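Visitor:
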Amino acid sequence: QQDPPSTTPGQSAELVLFNPQSPWIVHQKNLKSLSSNTPWLGQELIGRVVQTWCPASRKYQ
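Be aware that the sequence shown starts at 1, since it is given in the working numbering, and climbs by one per residue.
Set out below in structure tokens:
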């Protein structure tokens, strides 16, 4: 088992805000990938990434 990552002042970090209880239905229009080939199209999933930050800037919302 790995130790959890740590941060120190001045060090860059990549962060993800994840809501494990957010239900959503997979549609091609809400996929962020260039490929829309997924076996989950039309399925309801629980859990969703809300935002990501890669070195100090918000990349996805």
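Even for Gly, the Cβ is constructed at its ideal location relative to N, Cα and C.
Given the structure is predicted, the values throughout are model-derived calculations rather than measurements.
Could you give the distance in angstroms between the alpha-carbon of P5 and the alpha-carbon of C54?
Guide: For P5 and C54, the distance between alpha carbons rounds to 15 Å.
Visitor: Would you verify that the beta carbon of I46 is, or is not, closer than 8 Å to some beta carbon of chain D?
Guide: Chain labels in this structure do not include chain D; a single protein chain is all it has.
Visitor: Are the stretch 33 to 42 and the stretch 15 to 23 in contact at 8 Å, needing three or more beta carbon pairs?
Guide: Segments in contact, no.
Visitor: Compare the Cα-Cα distances from Q51 to each of D3, G10, P20 and report the closest residue.
Guide: The option with the nearest alpha carbon to Q51 is P20.
Visitor: Tell me the rounded alpha-carbon separation between I25 and L45.
Guide: The alpha-carbon atoms of I25 and L45 are separated by roughly 6 Å.
Visitor: On the three-state DSSP scale, how would you describe N37?
Guide: Coil, per DSSP.
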